[in-house]
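Read through the structure below, which is laid out as structure tokens, and then see the notes.
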Amino acid sequence: MLMSLNIVLFLIVYLAVLVGIPVLVGVYVYRDASRRGMNAVLWTLVAVLAPVFVGLIIYLLVRGSYSDLKCPSCAAPVTERYISCPRCGARLKATCPNCAAPVEPDWKVCPHCGDPLPEFGEGFTPPVRRQDKTLWKILLVVILIPVLFILTIFLILGLSTASNSAHGGGVASMPVEEYLSLAEDARIRTWFDSLDKDKKVAYVLRHTEPSGDETQVQYLVYLPEMVDQSEISVRSSSGLFGGDVLDLELPTGGERTGEYLVLATCTGERAAKLGVTSNGVKIPCEITEVDYSVDCWE
Ligand SMILES: [Zn+2]
Ligand SMILES: [Zn+2]
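Going by this note's numbering, the letters in the sequence shown line up with residues 7 to 304, in that order.
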């Protein structure tokens, strides 16, 4: 079930990358090339069909020689050489009075015929450059999609290994007196006697020891309000970023049938953290690290 969902997710992302990016690139190149008076269809085909954006890169290099200037009053496409806007007639440049070549207003001599130029007054509106926001959007998408793609893959891998990396999540419980009589280390009783049983917290002794290549962690848990030892459940999980977690669900709020100590153990690549919930509500834990085993079943 999980595996088939992964494959579907993978295909969706893969198709998005395979189809989405060429479509975006194609739309951009077609519009941009049309605006510049280039052969839009040909360039779109080149940009879309050439692999790994080679076509797009060639297009971006070649198009530099085509004008991306526009008339400041009506936004019609114009080139450096236009004297007037072909659409609205706005004066874009000054001209030489002798040979009519386009000249800049601050030039003193005409570069074409060599005649001295008069002082040009105001009244010229030089062409302005078009803003090229679409390209940035495409680049953003081109960068974002692979990043999302990689993240998705990582998430999928993280999910599928969730049940593997922390294992052996076991739980056992025993009435307190029975446990304390079995426990070899007297420090467990000292710890138990020192607890404030009116506090709404789970008291925990934690012992970690290496077990082969892995780490075994034991949690001895006492929750003062726990009512029944038969309904305790344990679940180990691991997230990509959260690390391994040993989740204990301890029943509270019903008829109290005694006091219990709960031993939860887990072996994994990393020492699992403990999470205690009761009826779905998270209970804070007061954890004491100890250097002796708290497992009296051994
Ligand atoms: Zn114009
Ligand atoms: Zn001239």
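Even glycine gets a Cβ: it sits at the ideal position worked out from N, Cα and C.
Whole-angstrom distance between residue j and residue i, CA atom to CA atom
i: Lys-143; j: Leu-48; result: 22 Å
i: Trp-113; j: Cys-119; result: 13 Å
i: Leu-51; j: Val-115; result: 46 Å
i: Ile-289; j: Thr-221; result: 25 Å
i: Lys-206; j: Asn-285; result: 14 Å
i: Gly-316; j: Glu-265; result: In this structure the chain extends from 7 to 304, so residue 316 is not present and cannot be described.
i: Val-23; j: Val-251; result: 35 Å
i: Asp-219; j: Val-54; result: 51 Å
i: Met-44; j: Thr-85; result: 13 Å
i: Leu-62; j: Ala-39; result: 12 Å
i: Arg-93; j: Glu-128; result: 21 Å
i: Ile-156; j: Val-282; result: 33 Å
i: Arg-69; j: Ala-100; result: 27 Å
i: Thr-131; j: Tyr-88; result: 12 Å
i: Pro-133; j: Ser-90; result: 10 Å
i: Ala-168; j: Thr-158; result: Residue placement at Ala-168 is poorly supported in this model, since its pLDDT is 49, which falls under 50; the coordinates still yield a value, given next. Approximately 15 Å between the Cα atoms of the pair.
i: Leu-188; j: Ile-18; result: 57 Å
i: Arg-135; j: Val-33; result: 21 Å
i: Ile-238; j: Ala-178; result: 8 Å
i: Asp-199; j: Val-240; result: 26 Å
Proximity to residue i [Cα-Cα], best of the options
i: Glu-215; options: Ile-13, Ala-277, Asp-112 and Leu-163; result: Ala-277
i: Arg-42; options: Phe-59, Tyr-65 and Val-54; result: Tyr-65
i: Leu-254; options: Glu-265, Glu-261 and Cys-291; result: Cys-291
i: Ser-217; options: Val-227, Ser-299, Met-232 and Tyr-266; result: Ser-299
i: Leu-280; options: Ser-187, Ser-243, Val-60 and Ile-149; result: Ser-243
i: Leu-145; options: Val-35, Leu-21 and Ala-270; result: Val-35
i: Leu-123; options: Val-227, Val-210, Phe-130 and Glu-110; result: Glu-110
i: Trp-197; options: Val-296, Asn-12 and Glu-261; result: Val-296
i: Val-182; options: Leu-67, Asp-234, Pro-108 and Ala-81; result: Asp-234
i: Leu-15; options: Val-223, Val-148 and Leu-154; result: Leu-154
i: Asp-74; options: Arg-37, Ala-106 and Pro-230; result: Arg-37
Residue i, buried or exposed, once every other Cβ within 10 Å from all chains shown has been counted against 16
i: Phe-160; result: exposed
i: Tyr-225; result: buried
i: Leu-201; result: exposed
i: Val-58; result: exposed
i: Asn-170; result: Any reading at Asn-170 must be qualified, since the residue scores a pLDDT of 46, below 50, and its modelled position is unreliable; no value is offered.
i: Thr-294; result: exposed
i: Ala-192; result: exposed
i: Tyr-185; result: buried
i: Pro-83; result: buried
Below-9 Å beta-carbon distance, residue i vs any chain D residue
i: Ala-100; result: Looking for chain D here will not work: only one protein chain is present.
Inset, instruction - Jot down the residue ranges of each uninterrupted beta strand (DSSP E) in the region 224-280, minimum 3 residues, whole runs only, in chain order. - result: Fully enclosed beta strand (DSSP E) runs of 3 or longer: 239-245, 249-255 and 266-274.
Legend entry - Start-end ranges of the beta strand (DSSP E) lying completely within the region 106-185, minimum 3 residues: 172-181, all fully within the region 106-185.
Legend entry - Every unbroken alpha helix (DSSP H) within the region 48-74, with a cutoff of 4 residues, ordered by chain: 60-68
Legend entry - Nearest-residue set for ligand 4, Cβ under 6 Å from any heavy atom: For ligand 4, the structure offers nothing, since it holds only ligand 1 and ligand 2.
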